[in-house]
Structure formats: structure tokens, C-alpha cells
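Q: First the structure, then my questions, so here it is.
Numbering (this note's numbering), first residue to last: 36 to 463.
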């Protein structure tokens, strides 16, 4: 057993504990801030964690109306045959029975049913081959790097009874890094939080046919009511995985005290180990970090509360943050953060002023957190950071011609007076 030291972007010292996984990551689900990492760019087989991408596309198809929950799903000959493959995670599917999208989706999210995944892929895209193209396209759209999708399930193609998608190899397998896997989970929870409603179901009965009921027991043993030794408060997802090449892997998520974390462990030694190692990550996260409101809404740094307005009835307008600014902070590092105002220069003229008229609530910039620790903070996406909008607190109407004329005259006489005063001063 080797002691692994994981370097975390916003810590003075590295967190250290025995983590028996080839690759691992812990992320704040709110901001994408990376709190712990180990070999996160190493590309490894993902096994059934792949199904998070399939779930994303299924939920996307539901939300855009391509399919509906109560729609019946046809069962192809291949799907029927694969569903009877008892060495794989499956529910048996019959061609003389009817199954809805919701039924099959639940068997995927709860029981990791492989044939159900392919049936839904065929429904959405016409074939698994076309669905795999959608998976790779969506991965690019979500900003994943270090990935390869060759099927919808995460199985090795050799398990697909000779029906692997066109253009893929007979023994190919889906691949991702822990960073890419965390990005996928982050995007799935952000865009379709309802995924956790199903992923958190410990057990459910699947109606395979008349008088044929299958008890689906969630493979995520950290959920309450499955394996007591692995039960972890706050866990409500997300996806396990196993193949001979991948070993035992798990993408987990847990929420407590206003914080949600996403974890990924890859190539652990056993089914139990993937949950043991995830528990270490969650214990570290919940014991070492606190979700803190750094400044409340309506805040602006001292001395920066006003912006000049050109051509308005008022010459200035007050600005303030539109919402509280919060982040997950390593305990003891609260004083290392400071709010910084960043004005949108595209909103200002060459003199640094807003042009009237100005609406109340008009965004003029952002309030961001600056971290002054020894190491730079790291996020899943390079452009991620904690920030809120800064907006105008009131409206400013455009001044009429008379007001503008009087200002011009006032400016002229002010200039004359100042010039005369300077001349008189020069006499003495």
C-alpha cells in the first residue's frame, strides 16, 4: 500500500491519505472547483460510468420532446438476445411485452441494464451506431477531453454478441479520464438534476412480463438500505462501473450542509473498495471544506460604488452585486479570498462612462473572488470561477437638450473662471 499525496489547488499543504485507486478526483458540484486529484488526466476504461452520457442524451430527448416517458420502446432481436445474457447486468426483455421509456430508463439508472440502454439508444437515434456518434458529439459540446465512446453501455465490444457499432473494433472499450468523467457528471447534474431522483432509488421492481418481476437492487451501495457498511449520509448518485479492463469504478455524488461534491474513482481493487475509496474522498471534503457566503448581495468594493453616466439626468449611478457571492473554502483559508470588481468595458464609452439612458438592473460587470493562496485554484473548466453579476441600482433617463445645454454653458464658464483664477495666481 502506497501513501499518495494529492495536491489540491487552494491548499498550502497537500492532503494526504491512503487512496487505493489508480485515478481519482473530488469536485465541488456548485463551482467545478477541484478539491482533490490523483492522475486525473490518465485515460482509462470507464465501464458502465459510460451510461451517464447515455442518460444525458435520454433526458435531453425527453426535454426536447423527441421521446416521452410513456412512449413504448420496440425490442429488437439483438436487444432481446443481449437481455438474456446473464453474465451482464440486465433485465430480461421480451418482444411480446411492452415497455415504456420510463421503465427502461429506470432499469438503466438503477440496475445498469445494458440491453435497456441499447433499446433506448435505438429508439432515439435509430441505431446504436448513430447514438454513439451523438455521444461523441455531446462530449465535445460539453467540453470533455480525453474520451472515446464506442458503444452506449460501457461494455467491452466483445460482449455485444458480434453486434458492436459500425466503425468500432471488436474489442474496443469506452475510455475517459477522471477529469472528463467528472465533467460529464457535473454537466449531467447541472443540466438534468432530476437524474438524481432515479439514481437514488435503492430498489425497485421491474415488470419484465406477465408474472415475471425482477427486483432491481441499485449497484450504488452507498445509498441507504442496500449495504449497511457502505451507507453514507447524503449520497444520492450516481453510477458504478466494472469490466475486466476497467476494474471497479464509481462516480458518486453527495450533498450535506449546502455542499454537493462529485467524486470519481477508477481502477479500484473490488466492488467494496470503490465505495471505501469514495468514502475517504467524501470524508475529506465534508470535514475540510465549508460553503461560505463571502459577501452578501448589494455589495461593491469601497470607493467603487458609483459609475459616471454620460448624457443622463443624473451624472452618476450606483452599482451593486445582484446576488451573494459564495464559495467552498478550505477551513482556515477564509481570509485568503477578496472580492474584485471587473467592469465590462464594452458597456462603457472611451471615458469610462455609461451612456444614458440606463435601465435599473442593467449588468455592467461582475464581482469575482480573488484567491491569494500559495497555489492557484483549479476548476474542471478553465473559465469557471466564483462570480456574480454587478448591476445598476437605479435607472437614469437621458437628459433633455436644455439640461445638456446648461451643462455645456456651465462647463464653459467654469473653464473661463478657472483660467482667470490661474492667471491671477500667476501675478503673485
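From the three backbone atoms N, C-alpha and C, an ideal C-beta is built for every residue, glycine too.
(1) I'd like the span of the alpha helix (DSSP H) that includes residue 320, first residue to last.
(2) Taking residue 361 and residue 407 to be in contact with their CB atoms under 8 Å, please state how far apart those CB atoms are, rounded to whole angstroms.
(3) Closest to residue 273 by C-alpha separation, out of 265, 286, 261, would be which residue?
(4) Can you name, in chain order, every residue of its own chain whose Cβ lies under 6 Å from the Cβ of residue 105, other than the five neighbours on each side?
(5) Measure the CB-CB distance between residue 342 and residue 389 and report whether it falls below 7 Å.
(6) Consult DSSP for residue 326 and reduce its assignment to one of helix, strand or coil.
(7) How many angstroms separate the CA atom of residue 317 from the CA atom of residue 146?
(8) Output needed for residue 391: all residues of its chain with C-beta closer than 8 Å, excluding positions within five of it in sequence on either side, in chain order.
(9) Would you call the CB atoms of residue 89 and residue 206 closer than 7 Å?
(10) Taking its Cβ as the centre, do 16 or more other Cβ atoms sit within 10 Å of residue 163, making it buried, or is it exposed?
(11) Put residue 110 into one of helix, strand or coil per three-state DSSP.
(12) Taking DSSP as the reference, what is the three-state secondary structure of residue 353?
(13) Tell me which residue opens and which closes the beta strand (DSSP E) that residue 142 is part of.
(14) What are the residues that DSSP puts in a beta bridge with residue 403?
(15) Are the region 110-124 and the region 178-196 touching, with three or more C-beta to C-beta distances below 8 Å?
(16) So who's on the other strand from residue 7, going by DSSP bridges?
(17) Hey, quick one: how far does the alpha helix (DSSP H) through residue 247 stretch, first residue to last?
(18) Which value, in whole angstroms, describes the spacing of the CA atoms of residue 405 and residue 141?
(19) On the three-state DSSP scale, how would you describe residue 69?
(20) Are the beta-carbon atoms of residue 217 and residue 300 separated by less than 7 Å?
(21) Figure out for me which residue from 363, 131, 167 has the closest Cα to the Cα of residue 295.
(22) Take residue 428 as the anchor and find which of 335, 302, 410 has the nearest alpha-carbon.
(23) Taking C-beta to C-beta, are residue 312 and residue 56 nearer than 7 Å?
(24) Evaluate contact between the region 105-115 and the region 238-253, counting only Cβ atoms and requiring at least three cross-stretch pairs below 8 Å.
(25) Return the CA-CA distance between residue 208 and residue 149, expressed in angstroms with no decimal places.
(26) Roughly how many whole angstroms lie between the Cα atoms of residue 94 and residue 67?
(27) Going by DSSP, what residues sit across from residue 244 in a beta bridge?
(28) Here's the rule I'm using: 16 or more other beta-carbon atoms within 10 Å means buried, otherwise exposed. How should residue 353 be labelled?
(29) Under the DSSP definition of a beta bridge, which residues are partnered with residue 345?
(30) Are residue 80 and residue 280 closer than 7 Å when you measure CB to CB?
(31) Roughly how many whole angstroms lie between the Cα atoms of residue 54 and residue 315?
(32) State buried or exposed for residue 412, treating a residue as buried only when at least 16 other CB atoms are found within 10 Å of its CB.
(33) Alpha carbon to alpha carbon, what distance is there between residue 183 and residue 321?
(34) Quick one: residues in its chain with C-beta nearer than 7 Å to the C-beta of residue 451, no 5 flanking neighbours on either side, listed in chain order?
(35) Run through DSSP, which three-state label would residue 271 get?
(36) Given this structure, state the Cα-to-Cα distance separating residue 98 from residue 200, to the nearest angstrom.
A: Put simply:
(1) 306-323
(2) Their Cβ separation, rounded to whole angstroms, is 18 Å, which puts residue 361 and residue 407 out of contact at 8 Å.
(3) 286
(4) 135
(5) yes
(6) strand
(7) 23 Å
(8) 344, 345, 346, 347, 348, 431, 432, 433, 434
(9) no
(10) buried
(11) coil
(12) strand
(13) No beta strand (DSSP E) holds residue 142; the alpha helix (DSSP H) holding it covers 136-146.
(14) 375, 422
(15) yes
(16) Because the chain is modelled from 36 through 463, residue 7 falls outside the range shown and cannot be assessed.
(17) Element bounds for residue 247: not the alpha helix (DSSP H) but the beta strand (DSSP E), 247-252.
(18) 43 Å
(19) strand
(20) no
(21) 363
(22) 335
(23) yes
(24) no
(25) 14 Å
(26) 22 Å
(27) 247
(28) exposed
(29) 390
(30) yes
(31) 8 Å
(32) buried
(33) 33 Å
(34) Confidence at residue 451 is low in this model, with a pLDDT of 42, below 50, so its placement is unreliable and the value that follows should be read with caution. Once the five neighbours on either side are set aside, residue 451 has no close Cβ partner at all.
(35) strand
(36) 26 Å
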